[in-house]
Structures are given as structure tokens and as C-alpha cells.
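Residue numbers (this note's numbering), protein chains in the order written: chain A, 124 to 467; chain B, 124 to 467.
Ideal placement from N, C-alpha and C gives every residue a C-beta, glycine not left out.
Predicted, not measured: the structure shown is a model, and the values here were computed from it.
Worksheet: one structure, shown below.
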């Protein structure tokens, strides 16, 4: 009899990477154990609730980034942006945030204060108050660093009609800016790489971008997502699989940050798979694509917004295909596991 | 110049104990850093939101209990009960729960599945679906055990009118059962104490108790709280301080579990300060007290419900006073810090 592969019976770092292995763990262990798929058809990043007539979005994320402070942000700012963005891409206006701390014994209170001040500043920018919280402390040997969980509640905008099922052939794929800056800034700082001085995390709240798109384009906005863990690759493969449609993207159209390109090369990473924390992918009706790019580009964090490709027909084996600058074609795959642990 | 006391500049285990030191950290560091008190006047266990006309409660808690499984429960069941109970004591019907996992690399997937099945079973009993989640994995040296954060959203019952400001002189203090079973069951298991075989955690959802009270007694229910970390002592001192009223409780009236009494004695603990995870404190109008006790006692988890004391007048220095069985009087204080780390 074969001994079970330890990889199939114990948790690997890659199970937390936001790629194929995370999806497998969720589908084969977490969802069945919790009692089957919820009504929305999956344990989504943000769930939609109807309560007493109000259309609400509800989401959670836990942040374990190391180091706690990195160029362009820190775990406090990140913990607010991440949850605000999960609400925003559901077409919701962020209203209230909960913040649960797990602190390591011995942490400097001055450092904790600094990180929470950063969270508070970010929350105020988004108009969402931190209204409830919880504090736990673990012993020095039990936890390395700091864990922050945030959950968020938002009110879905009246004009928002978003969903995988609204995506149609011919729809355009709009990206709000250059890729990979968050993951690479954190990794560069951790590895003390020299380009860390020029590379900044893109960590930012996206609620103004999403509100502007819905406000001005209404139902022409079909779907939105922020490409965090697993990067643009994971987001596009997820869309292709959920809609059973091919996606075509154009490498030449994807905005690139030269410092990120260098860092990715040094670290041996594909920019398409590296995490972003301040970027938006929007699927929009073809006639609205130019206006969507123009609306995004009026915001500082999305000046380089671009139309990077299109949604195609329903097929049996949906693929994400990249037309390379060199004139070739490459199939984009869901990253398997964790390339950069503890980046968010 | 004096060197600052390291206790005042670094985090201690006691900062996470739910007592005086936790309150100080919240008031002097966390709330000011996050940007001042939210509108409700504090970072409460559950916040009340109004969205599009709906009256909602929103809460979060992080669970770090060790061991992960203990007599009467496990971290999965606990993570649902704790959040459901925070909603229930606000008079809310639990509707949706988020679940954020931080898993240690190398954890047996079978164990994770068992704990999540327990969470799922408990959630189904409460009618609140787990609708959204997040999964992170930390390396073997970065985390000991498992961290589960849950946040919850509930709909406030139409008849619920609860708040510190509704508490009046003469109101009765009703307790749903015997004290300290959760904290002592966990601690006994951890220390391999012999009485662990008879002592079970009281971990249970309280939503049926709270709904029955509000349904039948309406505005005669002034305030509810589940006495978790810091035990009954912390809950009563908090009520005394928030209302500026003396509270009088009667030791002879407080239900006691003999096994818990023995365990507390062996561990050198005061039962009044040990955590419960399935007990309710309700402040009710005097004329409703007997009925409140009768309503609670129809539920298996509250068969020993009792009227244990009364709320008194507004005073300058509010105190919680215990009339002892021996005929003496003892002032009950807020526990300072952590007596039993990682019990929830």
C-alpha cells in the first residue's frame, strides 16, 4: 500500500498563496467542511447580503505581511485597503470595518501605535469607520510578527449590476495601471535588494475608481476584481473559468513599471503572477471601454489605465491567451502556489 | 532620567486578557491611533449600523485557543459561538459570518477539516451562514497552533431596546447558569489535570436565549452581555462603570458547578473572573426578573438561570459588591490582566 503523500495530508505554505492550491483547499476541504457552498455559489471574496431591503456586501481578509512596514505602505494601511477594495470591486460603498489584532508579546507599543495610525488614516480616506475590534496577545514563541484581520460591510451602489454572469463576448478588459509593485516592493525590502529604493507598493484604496465607473457607466461595467495574491494571472484565469470564455490579452498594452520589471527579473518572477494591492481589473462593455480608461486616468493611482484585451466566446476549455510583444502567443495559467510568502 | 518601564512600552500577555490592561491598551493606544472614538462612543464588542433603513449589528473576534480541541468544544465551534453571542447580546439575529484562517504550515488537513466541520455544524444551528472567508498560511516557526477570526452581521430584532443608558435603579441582574466552565475546561486539559474528565466547556450559541427574552419581555430587557474573558467580574464592573451605578450581587444566588469550584481552587483562580463561552448576563426590569429566569430555564443550556442581584443608584465611585455566603461583603474588581492565556 502506498503511504499518502505528506503534501496531500498536511498544509503547505503554497496552500496560502492564492493560486491553484488555495482554490483546491477551499473547494475540497474548507467549503465541504463548513457545510456546502453558500447560496452565492462559493466562498467569495465578498458576499452579497440582503437585509431588511438593504443590498450589502460583506468581506474579510487576514494580513500577515512581513516586514510590517515596507516601501509605500505597512500592514495597517494594507489591512484597510484590502478590505475596502474587496467591497469596492463588488460595487459597494465601504461603510464599516472591524479590526482584529493578534499581537506578539514584547512588541513595542510605539510600533503598534504607528501601524494603527496608518490604518486609521487610510480608513478615514475611504469614509469607512473602524467600528468594532478585538485584541489577542500570543507568547513570543507562538507568533512571529503581527496578524491583523479586517472585515468590512458596504452598501451596494444602486447602479451596480456586477457578476460573472454579466460578462459577454466582446467585452473589454481594462486594467488600472502597472503590475506587481506590491509584491515586489515587499520582497525587495525583505531581501534588502538595491532596487527597493525606487520600488513602492501600490497599496491604495480603490473605492473612488469603482464608484466613478459605476456612477458614469452603470450596467456597462460587468465585473470588477482587484488582482491581489496570484496577480493578474489568477484574476483572469478565474474569470475565464467562471464564465467558460476565452480571454485574449495584449502584452504590449499592459502598463509596466521599469523598476518592477527589473525586480521581477532578478527574483525570477512573472509580473503577471505578482500581487497588487492598488490595481483594478474591470470588464466593461466594448462601447464603454474608452470612457472607462478615461475615467480611471483622471485618478492619480490609475493614470496609466489601459484597455488590455477582450473577452471571447464560450468554449469547452477556456483559456487566457497573451499576445506577446514578439508576436507569439502564450497561455496564462493560474499560479500553483506561493512564490512570495507573507506579502499580504 | 528614569528609563521607561518596559511594561509600559511593550505588549504583555496581560494586554490580551480582557481585563483592566486590555481596556487601557484600547483606550490609550488603539482607539486614539485609529482616529478617535467611533460614533457609538467606543470600540464596542458589536457595533450598531444603520444602512438603507436596516438596523444591523457588526462584530468580530479572533480565536487563538490552545489546545485546539478541549472538553465540550474546539476552536471551530468556539469561533462561531463567540461571534454569534456578540450579535445575540446586542439583540440581533445572526445572519452572516466571515471566517478568516491563519494556518500553520504542516497542520494535518484532517484536523483542519474536523475543526471546520465543527464550525459549520455550529453555524447551521444558529441559522447564520458562513458566507465569506480568507486563508493564509504561516511557516512552522512563525505560528504555533491555528488562528481563526470570525466577523458577524446580524439584524437587530424590532423589539430590542438595549443599552447601558436603559439600565435603571432597581433593575435585576439575571445570570443564565454556572460560571467558569470554559476557562477551566481548557486550562485543565492543557495542564492534564484529573478533573478534566468531568469539566466541560459551556461553549454554546446564546441566540435562542436572547431572542426569547426580547420576544417575550421587549423593553423590560435593558442590557445583555456574555461574560467571556475576565468573566462575570469584568462584565459587572464594566456595567457599573458605564452606568455610574453600584451593583449588588449575592454569592448564594450564583449557580455553581462543583467540578469548576474544585478546578478553580486547584488553579488558584476566582470563578468570578474565569471566562465563559455559553453564559448570558441580562439586566431586566424588576417586575420582569422572575419571568426572565423562567424563560431562560426552559432552555437546556440555561436550566440553572438565576436572579443574582440588583442595580443600585448613581454614585460618584460605582462599585460591584458581593454579599458573601459567610455574611460578609467583598468588592469585585476588574481583573488586571491574563490569568489563563489562550483560552479563547
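query, result
"Going straight from the alpha carbon of residue 201 (chain B) to that of residue 327 (chain B), what length do you get?", "8 angstroms"
"Assign residue 424 (chain B) to buried or exposed, taking buried as 16 or more other Cβ atoms, counted over all protein chains shown, within 10 Å of its Cβ.", "buried"
"So what does residue 216 (chain A) bridge to, in DSSP terms?", "A:278"
"Comparing C-alpha positions only, which one of B:304, B:337, B:335 sits nearest to residue 323 (chain B)?", "B:304"
"What does residue 138 (chain B) reach in chain A if we use C-beta pairs closer than 8 angstroms?", "226, 258, 260"
"Count the other CB atoms, across all protein chains shown, that sit within 10 Å of the CB of residue 208 (chain A); report buried if there are 16 or more and exposed otherwise.", "buried"
"Who pairs with residue 415 (chain A) in a beta bridge, going by DSSP?", "Paired residues: none, contrary to the question."
"Is residue 347 (chain B) closer than 9 angstroms to residue 473 (chain B) when the C-beta atoms are compared?", "Residue 473 (chain B) cannot be examined here, being either before or after the span of chain B that is shown, 124 to 467."
"What would DSSP say about residue 242 (chain A), mapped onto helix, strand or coil?", "helix"
"Quick one: list the residues of chain B neighbouring residue 231 (chain A), beta-carbon separation under 9 angstroms, in chain order.", "132, 133, 134"
"Would residue 463 (chain B) pass as an interface residue toward chain A - the criterion being a Cβ-Cβ separation below 9 angstroms?", "no"
"Since residue 295 (chain B) and residue 433 (chain B) should fall inside the 8 angstroms C-beta cutoff, what is the C-beta to C-beta distance between them, to a whole number of angstroms?", "6 angstroms"
"Would you say residue 161 (chain A) reaches chain B, if we count a Cβ-Cβ gap shorter than 9 angstroms as a contact?", "Residue placement at residue 161 (chain A) cannot be trusted, given a pLDDT of 44 that sits under 50; what the coordinates show is reported in the next sentence. Cβ-Cβ to chain B under 9 angstroms: yes for residue 161 (chain A)."
"So, for residue 280 (chain A): in the same chain, excluding its five sequence neighbours on each side, which residues have a beta-carbon less than 8 angstroms away from its beta-carbon?", "214, 215, 216, 334, 337, 338"
"Reducing DSSP to helix, strand and coil, say where residue 255 (chain A) ends up.", "strand"
"Hey, which unbroken runs of the beta strand (DSSP E) at 3 residues or more fall wholly within the region 376-461 of chain A?", "404-407, 429-437, 443-446, 452-455"
"Out of B:195, B:266, B:448, B:138, which has the shortest C-alpha to C-alpha gap to residue 232 (chain A)?", "B:138"
"Counting only beta-carbon atoms, is residue 164 (chain B) nearer than 9 angstroms to chain A?", "With a pLDDT of 41 at residue 164 (chain B), under the threshold of 50, the predicted position of this residue should be treated as unreliable, and no value is reported."
"Could you tell me whether the Cβ of residue 236 (chain B) comes closer than 9 angstroms to any Cβ of chain A?", "yes"
"So for residue 184 (chain A), helix, strand or coil by DSSP?", "strand"
"Using a 10 Å radius around the Cβ and a threshold of 16 neighbouring Cβ atoms, would you call residue 440 (chain B) buried or exposed?", "exposed"
"Name, in chain order, the residues that DSSP records as bridge partners for residue 345 (chain B).", "In DSSP, residue 345 (chain B) forms no bridge with anything."
"Give every residue of the same chain whose Cβ lies closer than 8 angstroms to the Cβ of residue 416 (chain A), excluding the five residues on either side of it in the sequence, and list them in chain order.", "297, 428, 429, 430"
"So for residue 192 (chain A), helix, strand or coil by DSSP?", "strand"
"Just by C-beta distance, which residues in the region 259-282 of chain B are closer than 8 angstroms to chain A?", "259, 260, 261, 262, 264, 265, 266, 267, 268, 270, 272, 274, 276, 278"
"Along chain A, which residues have their Cβ under 8 angstroms away from the Cβ of residue 358 (chain B)?", "The premise fails here: residue 358 (chain B) is roughly 16 angstroms from chain A at the closest Cβ pair, so nothing lies under 8 angstroms."
"Mind listing the chain A neighbours of residue 347 (chain B)? Cutoff is C-beta to C-beta under 7 angstroms, in chain order.", "Correct list: empty, because the minimum Cβ distance to chain A is about 16 angstroms."
"Evaluate residue 315 (chain B) with the Cβ neighbour count: other Cβ atoms within 10 Å of its Cβ, from every protein chain shown; 16 or more gives buried, anything less gives exposed.", "exposed"
"Should residue 338 (chain A) be flagged as near chain B, meaning a C-beta pair shorter than 9 angstroms?", "no"
"Which of helix, strand or coil does DSSP assign to residue 480 (chain B)?", "In the structure displayed, chain B extends from 124 to 467; residue 480 (chain B) sits before or after that span and is not available."
"Is there a Cβ of chain A sitting closer than 9 angstroms to that of residue 444 (chain B), yes or no?", "no"
"When we look at the beta-carbon of residue 150 (chain B) and count the other beta-carbons within 10 Å, is it buried (16 or more) or exposed?", "exposed"
"Just to confirm my understanding: we take residue 222 (chain A), look at its own chain, exclude 5 residues before and 5 after, and list those with CB closer than 6 angstroms. What are they?", "253, 256, 273"
"Applying the criterion that 16 or more other CB atoms from any shown protein chain within 10 Å of the CB defines a buried residue, is residue 278 (chain B) buried or exposed?", "buried"
"Can you give me the Cβ contacts of residue 392 (chain A) inside the same chain, cut-off strictly under 7 angstroms, excluding the 5 residues immediately before and after it?", "462"
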